[in-house]
Every structure is written in C-alpha cells, then in structure tokens.
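Some notes on the structure that comes next.
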Amino acid sequence: MINSMTNKMNRVLIALWLLLLPLAAAAQRTLSEVAEASDDGFNFLVITDQGRNGYYDQKAIAHSMGELAGKGDAEFVLTLGDNFHYIGLESVSDPLWMTNFELVYDHPELQIPWYPIIGNHEQKGNVQAMIDYSKISRRWELHRRYYSLSFRTDEGETVDLFLLDTCPLIDKYRNDAEYKSVEGQSREEQLAWLERGLAGSNADYKIVAGHHPIYADTRKADSERLDMQKYVAPLLDKYHADLYLSGHIHNYQHIKRDSSSVDYVVVTSGALSRKVKPIEGTQFCSPETGFAFISIKSGRLTMFLLDKDGNELYHFTRPKAPHTSCRQE
C-alpha cells in the first residue's frame, strides 16, 4: 500500500517536472540575451580547466567567450587554473602557450586582460614560467602566485577580488614531490595575507577565488576539501565574502549552505567535463562544459552559468553587501 502510494507520487512529480521543463527552458537566455541583460554592467568572464590543446569543446567555448565578451562588453577574463594540462609548463617558450592559449583564445574580443590562478596540474611544472610570461604577453596578467584586484564600476560600486594559490594550502600537494612548484610555499603567509585583505576590504562585493573547491560533489580526495574548509572557509564567513569561485571538478555546482552566507560556485571545465550529483546545499549542478559570466549593476551581482554555446543554464543574484568598515559581527 505504502509502496503503491509512493510510486504514484513519484509518477505525479515526474509528470509535473516534464510539464514545467519546457517553461524552464524557455526562460533561459541565449548568448545575445545574456549580453542584453548585462548591458551597462561591470562584466567579466570566468573559465577554468580549459588546457586541452583546443580539443574537446575548448575551441567552441573560446569562440562563445569571444562573442559574449564583445556583445557583453567584458572587462577581463578570470581563469581559475589548469590552463595547461597535464604537467604544466617548462618555460615562457613552451609550445603549450600557443596550443593552449594564444591560438585558441584568438578572438578579437578576448584581447583583454586575463587574470590567471594556478591549478594543480601547473604545479607539476614551472610556475615561475607562468609569472614570467606576463612580461611577454600584453594580456596575461599573473605577476605573483596569489594576489588581489580592486575595481570601481561606472555606477561607483566597488569590487575586491582575492585570487588564491590553493595547492600550498592543501597537505595532499605539500606532501607530494610530483607537485614540485609547491615546495617552499608558506600556507601561513598566504592565509595571513588573505585575512588582512578581507579584514581591510570595504568593497560592495568581496569575491575570493581559487582552483580547489571548498564544498563539492566529486570523487577527488576528501582531504582537499577538508583542508580548504579548515583554512579558508572560516575567513570567508568571518569577513562576509560574497562568492567563492573554484574549478578543478569539471562540472557546474552552486552550493549555498544554511550555516554560511557565502555562495560557493564550482565553474565547469572549458573543455572536458564530468558527471555530478547534488549534495547538501546544492542549488544547481550540471555536467555541461562551458564558462561563466558575472555582471554587476544596480546594486546586484548576477552570475550566469553558460553552456559551450554561451546559452544560459542557470543564474543567481546577490545584492551588494552593507557598507561598514570590515563587516565583522
């Protein structure tokens, strides 16, 4: 009897879902409509885990990024790591600069600043080459392993970005000689830098980004996320960060936990993606490849999660934070 009622309820829910699905799909924006919705905003692109020599969906996504960068007047590209699979770079003249970056992201509208984050694959190679390339490239802007950026929009709203080098924060990488570029990097110094920055920030929007997620569905080692939860998450809560952006997992996940006001967003791979399922706090997840687009205007931040063609899969918004000295409780 109970099983029969449960099955009937499940069939009803599935039927309702099938009825509502076309409506949900109709509400999703095309690339041009995303650009129109972001008109006159402070806009930027987000991509991660894209270093596949142009294969899989990387070239298609690069084209869509360029189209949206032009139509949506993007200020810059934020890339969250693993720009160069599988063992990073050897030097500033490594052919991977051409096959993973210059010849793939050649769209005229992508000749804007690129602000990179270091991923775990790049720690297997020469991270200093990533930094030194900033002296050669007119758009590659990685001058140190972790750094912050500050912006003021045309409407006068302020945005602070704190971009982390997450491998040195995680014991798994600190204890593995394969990740040779992690050696000598201080976890304590980076965390102290992050705390000083967050505590001193009076920005309307505080965005922290790193390659590794803090919460996510994944088969990767739990210790990665447990270390990030131990060392980084408390600072995000203490100083009221708005977003934590990450990659590494190769799928989309938007997680909002009851115990935190932070929106945790895993950005999908810009080339090759993986399956995903909901966990505690999941607001949205998808195995699609693609890239993200953030627009700030009129007192709100909107983040669009897009497929490889630049069409909207999902979006969410946050109002700007209360303006106090450091917004501590």
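The sequence shown: position 153 = 662 (the numbering used here), numbered continuously.
Just so it is clear, CB atoms sit at the ideal spot from N, CA and C, and this is done for glycine as well.
As the structure is a prediction and not an experimental result, all values here were calculated from the model.
Query raised in the report: Who are the Cβ neighbours of Ser573 in its own chain at under 6 Å, not counting the five residues just before and after it?
Result: Asp818, Gly819
Query raised in the report: Under the DSSP definition of a beta bridge, which residues are partnered with Pro625?
Result: Thr588
**Report entry** Which residues DSSP lists as bridging Arg661, in chain order
**Finding:** Thr667
Requested in this report: For the alpha helix (DSSP H) containing Ile490, list its first residue and its last residue.
Outcome: This structure leaves residue 490 out entirely; the chain is present only between 510 and 838.
Query - Spatial distance of Asn562 from Tyr773 (CA atoms) - result: 29 Å
Query raised in the report: For Glu789, which of helix, strand or coil comes out of DSSP?
Result: coil
Query raised in the report: Candidates Ala725, Lys729, Asp731: which alpha carbon is nearest Lys765's?
Result: Ala725
Query - Rounded distance between the beta-carbons of Thr662 and Phe551, thought under 8 Å - result: 4 Å
**Report entry** Inter-residue spacing [alpha-carbon to alpha-carbon] between Leu670 and Ser710
**Finding:** 10 Å
Query raised in the report: Among the residues of its own chain, which have a CB less than 8 Å from the CB of Ala533, if the five just before and after it don't count?
Result: Note on Ala533: pLDDT 42, under 50, position unreliable in the model; the coordinate value appears next. Correct list: empty, nothing qualifies.
**Report entry** CA nearest to the CA of Val601, picked from Gln620, Leu589, Gln637
**Finding:** Gln637
Requested in this report: With distances taken Cα to Cα, identify the nearest neighbour of Cys676 among Val668, Glu697, Glu664, Trp606.
Outcome: Glu697
Query raised in the report: In chain order, what residues of the same chain have a beta carbon less than 8 Å from the beta carbon of Cys794, not counting five sequence neighbours either side?
Result: Asp726, Asn760, Tyr761, Gln762, His763, Val785, Lys786, Pro787
Requested in this report: Could you tell me how far apart the beta carbons of Ala780 and Tyr595 are, in whole angstroms, since I believe they sit closer than 8 Å?
Outcome: At roughly 12 Å, the Cβ-Cβ gap does not stay under 8 Å, so Ala780 and Tyr595 are not in contact.
Query raised in the report: Between Thr826 and the rest of its own chain, which residues show a CB-CB distance below 7 Å, the 5 nearest in sequence each way excluded?
Result: Arg809, Leu810, Thr811
Query raised in the report: Who are Lys715's beta bridge partners in DSSP?
Result: Asp669
Report task. Report buried or exposed for Leu530, applying the criterion of at least 16 other Cβ atoms within 10 angstroms of its Cβ. Result -> Only weak support exists for where Leu530 lies, its pLDDT of 39 falling under 50; the coordinates are left without a value.
Query raised in the report: Are the Cβ atoms of Leu554 and Leu589 separated by less than 8 Å?
Result: no
Query raised in the report: Which residues in the same chain have their Cβ closer than 8 Å to the Cβ of Leu700, if we skip the five residues on either side of it in sequence?
Result: Leu678, Tyr740, Val741, Leu744
Query raised in the report: To the nearest whole angstrom, what separates the beta carbons of Ile723 and Met737, a pair I think is in contact under 8 Å?
Result: 4 Å
**Report entry** Limits of the alpha helix (DSSP H) - the one that Ile640 falls within
**Finding:** 636 to 641
Query raised in the report: Going by other Cβ atoms of all chains shown within 10 Å of its Cβ, with 16 needed for buried, is Asp816 buried or exposed?
Result: buried
**Report entry** Straight-line Cα distance separating Pro622 from Ala571
**Finding:** 15 Å
Report task. Express the C-alpha separation of Lys715 and Leu752 in angstroms, rounding to a whole number. Result -> 7 Å
Query raised in the report: Is Thr826 helix, strand or coil by DSSP?
Result: strand
Query raised in the report: Quick one: Cα of Lys729 to Cα of Phe802, how far?
Result: 26 Å
Query - As assigned by DSSP and simplified to three states, the class of Glu650 - result: coil
Report task. Measuring alpha carbon to alpha carbon, tell me which of Ser804, Leu822, Tyr823 ends up nearest Thr667. Result -> Ser804
**Report entry** Per-residue burial, Met607 [other beta carbons within 10 Å of its own, 16 or more giving buried]
**Finding:** exposed
Query raised in the report: Three-state secondary structure (DSSP) at Leu530?
Result: Low per-residue confidence applies at Leu530: pLDDT is 39, beneath 50, and the placement is therefore not dependable, though the value from the model is reported in the following sentence. The answer is helix: DSSP assigns Leu530 an H, G or I state.
Query raised in the report: Taking C-alpha atoms, which residue in Asn609, Lys580, Ala546 lies nearest to Gly560?
Result: Asn609
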